[in-house]
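Residue numbers (this note's numbering): 104 to 359. Taking it in order: structure first as structure tokens, then the write-up.
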């Protein structure tokens, strides 16, 4: 009997240990499954709340906080800062953004030395049609409304423009600008003849000279007209005096 009781107790102990091991393994499986579920839930929550984007934004904000920000005016090629210094503007950016003279820009110089431009105050614009030309130095320009405008080479390359093409350009409305931005190409290879840019500039100055000369020539004519009017007035006065003298003579004859 004693031997049987010992065997029964031993088997009971073995069953208890085996159950514990099974329970431990089951708990581990449950914990692992729960951890995976929690991780998946956290990832979904982050995506819904945009925490990852917010984290990147904070990093960008920190970089901007360490950056140097300068404002200035675009002059057709570069930005002239409020500090009086000149800052290069990438030609591709100026061309694609269709910047014109007078546009207000904000330049952010990051801690690693990179330049980031942003247009913050566009100048009032107008669109006009012109013809592409090229001078002896192979510089491109546009003739629009009788005036030559300079064009960035990046715009010529981007639109694949050639001399004689008819284009739409963007210029500031209230500024007598030297530069223009290309809006679009209307027609390739028009038959319009483009005079040299020096001839256009000379014609412009000659027109001003002719206008001044015409104004000066009109002044003597006005003076001559005044003199003629004055002399005519004197002749009229003399004619009246002669008539009065004749009347006096006739009265004296009648009295005699």
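From the three backbone atoms N, C-alpha and C, an ideal C-beta is built for every residue, glycine too.
249 is the residue among 220, 240, 249 and 120 whose C-alpha sits nearest the C-alpha of residue 231.
It is roughly 9 Å from the alpha-carbon of residue 251 to the alpha-carbon of residue 233. Burial of residue 202 is indicated by the presence of at least 16 other C-beta atoms within 10 angstroms of its C-beta.
When C-alpha distances from residue 287 are compared across 280, 197, 272 and 199, the shortest belongs to 272.
DSSP places residue 237 within a strand segment (E or B) once states are collapsed to three. Around the beta-carbon of residue 204, 16 or more other beta-carbon atoms lie within 10 Å, marking it buried. Around the Cβ of residue 136, a 10 Å sphere holds fewer than 16 other Cβ atoms; the residue is exposed. Rounded to whole angstroms, the gap between the alpha carbons of residue 247 and residue 177 is 21 Å.
Taking C-beta atoms under 8 Å as the contact rule, residue 283 and residue 259 fail to qualify, at a distance of about 12 Å. With a 10 Å radius around the Cβ and a threshold of 16 neighbouring Cβ atoms, residue 146 comes out exposed.
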